[in-house]
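Read the structure below first, then the notes.
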Amino acid sequence: MSTEFNFDGKIVLITGVGGALGSAVANAFLKAGATVCGSDIVEPNTEDFLLSDPERVDFYRADFSDENDVAGTIDAVVDEHGRLDYLLNIAGTWRGDTPIHETDAATFDFLFDVNLKTMFLASKHAIPHLRASEGAIVSVSARSSLEGGAGDGLYRASKAGVRLLTETIAAENLGSVRANAVMPSVIDTPMNREMMPDADFETWVDPKDIADVLLFLCSDAAAVTSGAAVPVYGEV
1246 MSTEFNFDGK IVLITGVGGA LGSAVANAFL KAGATVCGSD IVEPNTEDFL LSDPERVDFY
1306 RADFSDENDV AGTIDAVVDE HGRLDYLLNI AGTWRGDTPI HETDAATFDF LFDVNLKTMF
1366 LASKHAIPHL RASEGAIVSV SARSSLEGGA GDGLYRASKA GVRLLTETIA AENLGSVRAN
1426 AVMPSVIDTP MNREMMPDAD FETWVDPKDI ADVLLFLCSD AAAVTSGAAV PVYGEV
């Protein structure tokens, strides 16, 4: 059974739009008729920018761990398009394989900047505009954020922060802005395949399938859903 969504006339901002998941989310919203604005620290038409047709996206290069960049980008989106309906906090990364007592402080700063601070700053500056449009925020947490584990504790902690901030945003904006998160396990991306060449790729989740869940969470079909952390790791 297929499901179709109609986002005609809606303005979407996607952080990390050049990555594997950000690209899939952009393509899903474009297919649904939305105007897609995307931001990334990586420039289009470079090797690390994976969106195949970047001309279809209104691109804003920015570092979303820098508050001035965030404020300027969101103001530019609203100035150009007149509104903002949805914020998709996709920007994120993984680091691990090192126990806490061997992990340097720079790794802490890096993971919390990329995974949590970007989500915080984007949400902070988007919320006033999303209140006006009664819009929604969807952010990316992680299945591993539900418990501690050896080797990637800082990643897990940063993604747990995404979940908790999502619940806070939902509580603070009842009736005006819905906020939800998704929790992937391992996403089937070129980078993950390169980092884990001996893994069973068949158990990993296709970014396109996660993008469909984000469509749902932004749609009227999820009008009664806010503050949720939705599993998107299949049946494994």
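Residues 1246 to 1481 in the numbering used here are what the sequence shown lists, from first letter to last. Glycine residues also receive a C-beta, built at the ideal position from the N, C-alpha and C atoms.
Open item on the list: According to DSSP, simplified to helix, strand and coil, what is G1283?
Closed with: As a position in the sequence shown, residue 1283 is number 38, starting the count at 1. G1283 falls in the strand class under three-state DSSP.
Task: Three CB pairs or more closer than 8 Å across the segment 1355 to 1368 and the segment 1307 to 1327 - done: yes
Task: P1289 versus P1299: straight-line alpha-carbon distance, rounded - done: Stepping through the sequence shown from its first residue, residue 1289 is reached at position 44. Stepping through the sequence shown from its first residue, residue 1299 is reached at position 54. In a straight line, the C-alpha of P1289 is about 6 Å away from that of P1299.
TODO: Within the same chain, show all residues whose beta-carbon is closer than 7 Å to that of R1408, passing over the 5 residues directly before and after it, in chain order.
DONE: On the sequence shown, position 163 is the one that residue 1408 refers to. Correct list, in chain order: S1386, S1390, A1426 and A1474.
Task: Exposure label - I1319; buried when at least 16 CB within 10 Å - done: Residue 1319 sits at position 74 when you count from the first residue of the sequence shown. By the 10 Å Cβ count, I1319 comes out buried.
- [ ] Taking only the alpha-carbon atoms, compute the straight-line gap between G1396 and G1341 and give it to the nearest angstrom.
- [x] Numbered from its first residue, the sequence shown carries residue 1396 at position 151. Numbered from its first residue, the sequence shown carries residue 1341 at position 96. Rounded to whole angstroms, G1396 to G1341 spans 5 Å at the Cα level.
Open item on the list: Please report the straight-line C-alpha distance between V1322 and A1416, rounded to a whole angstrom.
Closed with: In the sequence shown, residue 1322 corresponds to position 77, counting from 1. In the sequence shown, residue 1416 corresponds to position 171, counting from 1. Rounded to whole angstroms, V1322 to A1416 spans 26 Å at the Cα level.
Open item on the list: For a quick check, are the C-beta atoms of G1393 and N1360 less than 8 Å apart?
Closed with: Looking up residue 1393 in the sequence shown gives position 148. Looking up residue 1360 in the sequence shown gives position 115. The answer is no: Cβ separation not under 8 Å.
TODO: Look up M1428 in the DSSP assignment and say whether it is helix, strand or coil.
DONE: Mapped onto the sequence shown, residue 1428 falls at position 183. It is a strand residue.
Task: Selection from S1378, A1468, D1451 and C1463 that minimises the alpha carbon distance to S1268 - done: In the sequence shown, residue 1268 corresponds to position 23, counting from 1. Residue D1451 holds the alpha-carbon nearest to the alpha-carbon of S1268 among S1378, A1468, D1451 and C1463.
- [ ] On the DSSP bridge assignment, give the partners of P1476 in chain order.
- [x] Counting from 1 along the sequence shown, the entry for residue 1476 is found at position 231. In the DSSP output, where bridge partners are listed per residue, P1476 has M1428.
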